[in-house]
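Written out below as structure tokens is the structure these notes cover.
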Amino acid sequence: MLRPAAPALPATSVSRTVPLKPEPYSVEGEPFADAEEAWFWAVQAHDAKTAGARVIAGCGQVARPCEPQDLLQVIDRLYRARKLMRDHLHVLVHYGRRQSAPEPERFREQRAHSLWQEAFTVIAPALRNKGIAR
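Quick note on numbering: the UniProt record's numbering labels position 37 of the sequence shown as 37, and the sequence is numbered without any gaps.
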């Protein structure tokens with residue numbers, strides 16, 4: 001069976017513009033001072049969550065422009081793009097849990113310090129682009 005053809009649009013129809021979607025990361029909270037502060041916050045929140053704490057958006061002392069998981073996803077994306085290596089991740093996690101950056105003056109932390117610096121030269125621009133850090 002043949003179906004009747006759909007009616008044609010009138011010749012005077014006006015093309016409609018589709019409004020652009022808003023940026024996925026609109027900065028509604030206070031951005032972090034730098035990428036390191038954001039990292040320490042995300043690690044601390046992740047450790048608290050694994051210990052059983054409930055992380056609820058908007059209930060912190062300072063409103064932040066993202067969730068801890070958003071920051072971890074940025075790190076994961078950089079790792080999958082091979083901009084961060086496994087050694088970088090080990091250093092980030094170890095010193096993130098200590099809540100302090102490796103000290104270049106300490107002999108045993110010199111290698112970790114260079115990996116930490118390399119990692120944050122990649123992470124900082126990604127977080128600034130998303131409005132997470134200044």
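All C-beta atoms, glycine included, are put in the ideal place defined by N, C-alpha and C.
For the pair W41 and R64, the CB atoms are nearer than the 9 Å cut-off. The C-beta distance from P31 to G131 rounds to 6 Å, short enough to fall under 8 Å. Within the same chain, Cβ atoms closer than 7 Å to the Cβ of E109 are found at P102 and E103, the five residues on either side in sequence being excluded. Leaving aside the five residues that flank A124 on each side, the residues in its chain whose CB is nearer than 6 Å to its CB run, in chain order, A35. Here V74 has I123, A126, L127, K130 and I132 as same chain residues with Cβ atoms under 8 Å from its own Cβ, once five neighbours each way along the sequence are excluded.
By alpha-carbon distance to L84, the top candidate from V62, C66, F120 and H113 is F120. Residue pairing by DSSP places A133 opposite F32 in a beta bridge.
Within the region 41-114, the complete alpha helix (DSSP H) runs of at least 4 residues fall at 68-80 and 86-98.
Closest in C-alpha terms to L115, from the list R86, A81 and E105, comes R86. Note on geometry: alpha-carbon atoms of H90 and F107 lie some 18 Å from one another.
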